[in-house]
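See below for the structure under consideration.
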Amino acid sequence: MPRNKTGKRGSGKPGSLRQEVLQLQLSTKASLKGAKNGVKGEAAASDDELTSDVLSHYSSASESTSVVEEGTGSEQVDEQTAQEETEDKLKLCIDNLTDKSAKTRLAALESLRQAFSSRVLYDFLTERRLTISDCLERSLRKGSGEEKAASATVFALLCIQLGGGDEAEEGFKMLRPPLTATLSDSSASIAARQSCARTLGMCCYVSSAEDGEDLIKSLALLESVFMSSYPNGEGVLPTPKPGSAGLHTAALQAWSLLVTICPTSRLTVLLSHHLPKLQACLQSSDVNYRIAVGETIALLVELGREIDEEFEVEDGESLCECLKSLATDGNKHRAKNDRRKQRSIFREVLHYIENEDFTEEKIRFGVENVYIDSWVRRRIYDAFKEILESGVRDHLQFNQLLRDIFGLGPPLILDAAVKGNKISRFEKHLFNSAAFKARTKQRNKVRDKRADVM
Numbered sequence: 008m009p010r011n012k013t014g015k016r017g018s019g020k021p022g023s024l025r026q027e028v029l030q031l032q033l034s035t036k037a038s039l040k041g042a043k044n045g046v047k048g049e050a051a052a053s054d055d056e057l058t059s060d061v062l063s064h065y066s067s068a069s070e071s072t073s074v075v076e077e078g079t080g081s082e083q084v085d086e087q088t089a090q091e092e093t094e095d096k097l098k099l100c101i102d103n104l105t106d107k108s109a110k111t112r113l114a115a116l117e118s119l120r121q122a123f124s125s126r127v128l129y130d131f132l133t134e135r136r137l138t139i140s141d142c143l144e145r146s147l148r149k150g151s152g153e154e155k156a157a158s159a160t161v162f163a164l165l166c167i168q169l170g171g172g173d174e175a176e177e178g179f180k181m182l183r184p185p186l187t188a189t190l191s192d193s194s195a196s197i198a199a200r201q202s203c204a205r206t207l208g209m210c211c212y213v214s215s216a217e218d219g220e221d222l223i224k225s226l227a228l229l230e231s232v233f234m235s236s237y238p239n240g241e242g243v244l245p246t247p248k249p250g251s252a253g254l255h256t257a258a259l260q261a262w263s264l265l266v267t268i269c270p271t272s273r274l275t276v277l278l279s280h281h282l283p284k285l286q287a288c289l290q291s292s293d294v295n296y297r298i299a300v301g302e303t304i305a306l307l308v309e310l311g312r313e314i315d316e317e318f319e320v321e322d323g324e325s326l327c328e329c330l331k332s333l334a335t336d337g338n339k340h341r342a343k344n345d346r347r348k349q350r351s352i353f354r355e356v357l358h359y360i361e362n363e364d365f366t367e368e369k370i371r372f373g374v375e376n377v378y379i380d381s382w383v384r385r386r387i388y389d390a391f392k393e394i395l396e397s398g399v400r401d402h403l404q405f406n407q408l409l410r411d412i413f414g415l416g417p418p419l420i421l422d423a424a425v426k427g428n429k430i431s432r433f434e435k436h437l438f439n440s441a442a443f444k445a446r447t448k449q450r451n452k453v454r455d456k457r458a459d460v461m
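Have a look at this one:
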């Protein structure tokens with residue numbers, strides 16, 4: 008049967024379907040006329056089934072057309088309306104942060120975490136930053152361990168969203184006291200303390216570009232946490248308490264992130280004090296802490312070589328022997344995945360210590376790339392990735408803070424002409440490297456300013 012322009016069968020008039028069914032019934036009855044009574048009964052049944060099948064078929068066609076029409080309409084929903092719906096949901100989540108039910112508050116925190124990590128919401132959050140910060144502060148002071156951990160993570164995301172300007176600095180000053188109180192509290196849950204360590208490092212890195220006092224206090228607090236894993240006076244590593252390795256790992260990684268923005272005078276002190284102790288921690292029983300220690304050693308050596316081209320690690324031969332052992336570790340009592348991960352990382356660390364050569368990594372997002380070509384750059388990228396998770400690529404595309412940090416410039420606005428004339432990979436690499444070097448020079452100027460404070 009022919010279709011009209013809308014894709015429907017027949018003429019599309021209300022009576023056409025009924026008329027076609029009646030005609031089919033009459034023709035069927037005529038063909039069966041004169042049959043025996045028994046056959047007539049079977050024919051009548053078949054007739055009813057056929058009618059039912061036809062009605063069912065046309066009904067299905069009508070429903071299918073209706074679904075297509077609805078789908079077409081949904082695609083034409085105004086973008087502004089969709090944005091308003093998203094904001095309404097976020098407003099509800101913010102309201103639920105003060106709910107009496109802990110379960111409701113946790114659900115709201117999780118929804119905000121997912122939203123903040125997956126999209127840039129600067130305009131929306133700028134207007135509500137004080138309200139959100141106030142709610143998060145209350146959760147950090149009075150919530151359960153799980154609520155404190157979730158609140159700290161959401162606050163780190165809020166600082167990233169606000170872009171490290173005055174708004175983020177204002178929020179950091181408000182929440183820094185409860186963050187440090189939870190991190191220092193040995194009776195608090197390990198998960199809450201880990202989350203506060205990561206958040207303290209990230210928010211200080213993002214918000215304290217000109218504030219040497221906040222930086223020095225945050226470094227000292229994080230040191231006090233992971234230094235409890237250092238060997239005692241006799242060179243013996245302490246027996247780790249349950250969960251402490253994860254806390255030490257989080258604190259060390261947050262500390263190493265802040266080390267990347269330390270002034271040169273402070274760096275010299277940190278290198279001489281921590282490098283020998285960290286070498287001993289390579290014998291830790293926890294694989295993740297060993298890896299964090301190895302990456303931190305490589306980072307400190309890289310910074311030391313930036314300060315002084317002749318920089319050498321104290322007892323470098325012993326360090327290289329230890330790194331070789333970890334890079335070829337085949338102990339069966341360790342999990343296969345742990346051994347593989349450990350060997351891969353320590354091969355890179357050893358290669359850098361011996362040859363001053365970093366294995367470059369390319370991160371692709373959209374039509375752009377960011378090149379991870381140093382231990383400093385890797386620590387910064389890993390810190391953002393740990394908090395943003397899968398949303399890190401979206402933020403690299405649209406978040407001006409991350410684009411400034413990695414030297415990517417303003418967010419790209421692409422059209423067909425731009426996509427057809429993409430620059431070569433080598434040109435992108437040169438551009439990224441030059442931009443990062445320029446930013447490093449700028450940070451060195453900031454370090455000089457901080458040196459006066461410290």
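Mapping of the sequence shown onto the numbering used here: residues 8 to 461, in sequence order. Backbone N, C-alpha and C fix where the C-beta goes; we use that ideal spot for every residue, glycine too. On a predicted model such as this, the values are computed, not experimentally measured, just so you know.
Can residue i and residue j be called in contact, C-beta distance under 8 Å?
i	j	result
residue 255	residue 296	yes
residue 179	residue 214	yes
residue 136	residue 165	yes
residue 245	residue 236	yes
residue 298	residue 349	yes
residue 367	residue 380	yes
residue 387	residue 206	no
residue 161	residue 143	yes
residue 309	residue 282	no
residue 294	residue 345	yes
residue 352	residue 302	yes
residue 311	residue 278	yes
residue 395	residue 356	no
residue 240	residue 201	no
residue 264	residue 208	yes
residue 163	residue 210	yes
residue 188	residue 151	no
residue 262	residue 307	no
Are there 16 or more other CB atoms within 10 angstroms of the CB of residue i, so buried, or fewer, so exposed?
i	result
residue 406	buried
residue 91	exposed
residue 184	exposed
residue 232	buried
residue 192	exposed
residue 106	exposed
residue 85	exposed
residue 314	exposed
residue 80	A caution first: residue 80 carries a pLDDT of 49, below 50, which makes its placement in the model unreliable, though a value can still be read off. The residue is exposed, with fewer than 16 neighbouring Cβ atoms inside 10 Å.
residue 364	exposed
residue 300	buried
residue 127	buried
residue 385	buried
residue 104	buried
residue 417	exposed
residue 87	exposed
residue 173	exposed
residue 373	exposed
State the start and end residues of the unbroken alpha helix (DSSP H) segment that holds residue i.
i	result
residue 103	86-103
residue 324	323-334
residue 304	294-314
residue 195	Segment: none, residue 195 is in no alpha helix (DSSP H) and carries neither H nor E.
residue 166	152-169
residue 106	Unbroken run through residue 106: none, as it is neither H nor E.
residue 219	219-233
So, under 8 Å CB-CB, residue i and residue j are touching, yes? Tell me the CB distance rounded to an integer number of Å.
i	j	result
residue 198	residue 153	7 Å
residue 391	residue 419	Not a contact, Cβ separation roughly 19 Å.
residue 169	residue 129	7 Å
residue 326	residue 377	Their Cβ separation, rounded to whole angstroms, is 30 Å, which puts residue 326 and residue 377 out of contact at 8 Å.
residue 238	residue 284	7 Å
residue 190	residue 204	6 Å
residue 139	residue 101	6 Å
residue 305	residue 382	5 Å
residue 287	residue 242	7 Å
residue 122	residue 97	6 Å
residue 89	residue 120	That belief does not hold up - the Cβ atoms of residue 89 and residue 120 are roughly 21 Å apart, past 8 Å.
residue 131	residue 176	Their Cβ separation, rounded to whole angstroms, is 19 Å, which puts residue 131 and residue 176 out of contact at 8 Å.
Go to residue i, then tell me how far its beta strand (DSSP E) extends in each direction, as first and last residue.
i	result
residue 318	No beta strand (DSSP E) holds residue 318; DSSP gives it neither H nor E.
residue 377	375-379
Would a check of beta-carbon distances place residue i closer than 8 Å to chain C?
i	result
residue 363	Included in the structure is just one protein chain, with no chain C present.
Continuous beta strand (DSSP E) assignments of at least 3 residues falling wholly in the segment 257-281: none
message: Suppose only complete runs of 3+ residues qualify. What are the beta strand (DSSP E) ranges in the segment 117-145, listed by chain order?
response: Contiguous beta strand (DSSP E) elements confined to the segment 117-145 do not occur, taking only those with 3 or more residues.
message: My parser needs the alpha helix (DSSP H) runs of 4 or more residues fully inside the segment 343-408; what are they?
response: Those alpha helix (DSSP H) runs which fall completely within the segment 343-408 and span 4+ residues are 343-362, 382-395 and 399-405.
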